[in-house]
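Working notes, structure below.
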Amino acid sequence: MEMDSNETQPTVVVSSPARRISLRQMTLSDVDHYMVWATDAEVARFCSWEPCTSREEAIKYITDSVLTHPWLRAICLEDDRPIGYILIMPVDNIRKEIGYVLARKYWGKGFATEAVRLVTAEIFKEMPEIERVEALVDVDNVGSQRVLEKVGFTREGVMRNYIIMKGSVRDMVMFSFLPSDPFK
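Residue numbers (the numbering used here): 1 to 184.
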């Protein structure tokens with residue numbers, strides 16, 4: 001079962017200056033690597049999705065949601081193995097939201113920070129109409145908040161009782177990055 005994802009996303013491979021990671025489109029052949037983080041309850045803890053329970057479920061998710069997403073890239077190590085993904089979602093004509101997920105084995109090693117920095121720098125070039133990239137982070141997700149702060153995102157405040165996540169009303173921290181903001 002193979003699907004040509006080039007119809008929904010332009011082929012773009014971007015590498016970080018340190019060349020520890022690259023970003024590329026995910027494909028159906030990434031399913032086994034995807035399963036590493038998608039089945040981990042701790043990885044899914046602050047995500048809108050529940051952990052994946054089968055390979056068939058993973059194939060369906062990749063086919064229905066990943067390959068059709070307007071801007072989603074696999075975060076890959078030097079050997080082109082995906083260890084997570086990063087995405088840009090439209091909010092409106094001038095605002096986009098960034099989101100990311102990383103396999104737990106790679107937490108705390110700078111990979112998420114590197115991916116967020118890379119995408120934030122590139123997205124303003126790719127979409128010059130953007131005035132703001134936002135990130136909404138669960139108030140208890142301190143690691144993800146730290147990633148954004150290390151890149152240079154501004155913590156704007158806590159959005160109280162902002163979202164229902166997995167049956168619970170949650171506070172979210174709003175972060176933003178403008179084209180004129182400096183990277184850290």
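C-beta atoms are modelled at their ideal positions from N, C-alpha and C, and glycine is treated no differently.
Name the two residues that bound the continuous beta strand (DSSP E) containing residue i.
i, result
"Val43", "Per DSSP, Val43 belongs to no beta strand (DSSP E); it is in the alpha helix (DSSP H), 41-44."
"Met89", "82-90"
Name, in chain order, the residues that DSSP records as bridge partners for residue i.
i, result
"Glu97", "Met89, Glu134"
"Phe177", "Val133"
Go to residue i, then tell me how far its alpha helix (DSSP H) extends in each direction, as first and last residue.
i, result
"Arg55", "55-61"
"Asp32", "31-38"
In whole angstroms, what separates the C-alpha of residue i from that of residue j?
i, j, result
"Arg20", "Val91", "30 Å"
"Thr39", "Pro70", "24 Å"
"Ile163", "Leu72", "23 Å"
"Asp32", "Glu97", "27 Å"
"Phe183", "Lys109", "19 Å"
"Ile94", "Asp181", "16 Å"
"Val189", "Glu56", "The chain is shown from 1 up to 184; residue 189 falls before or after that span and cannot be answered."
"Leu77", "Arg104", "14 Å"
"Tyr187", "Ser54", "Here the chain comprises residues numbered 1 to 184, so residue 187 is not present and cannot be evaluated."
"Asp64", "Arg24", "18 Å"
"Glu156", "Ala112", "21 Å"
"Met165", "Ala41", "14 Å"
"Thr27", "Ile130", "27 Å"
"Ala121", "Ser144", "18 Å"
"Ala44", "Pro128", "32 Å"
"Leu136", "Pro82", "24 Å"
"Phe177", "Val142", "18 Å"
"Arg146", "Val116", "12 Å"
Grouping DSSP H, G and I as helix and E and B as strand, with all else coil, what is residue i?
i, result
"Leu67", "coil"
Problem set entry | 3 or more residues per run - each beta strand (DSSP E) lying fully within the stretch 101-174 | 132-138, 154-165
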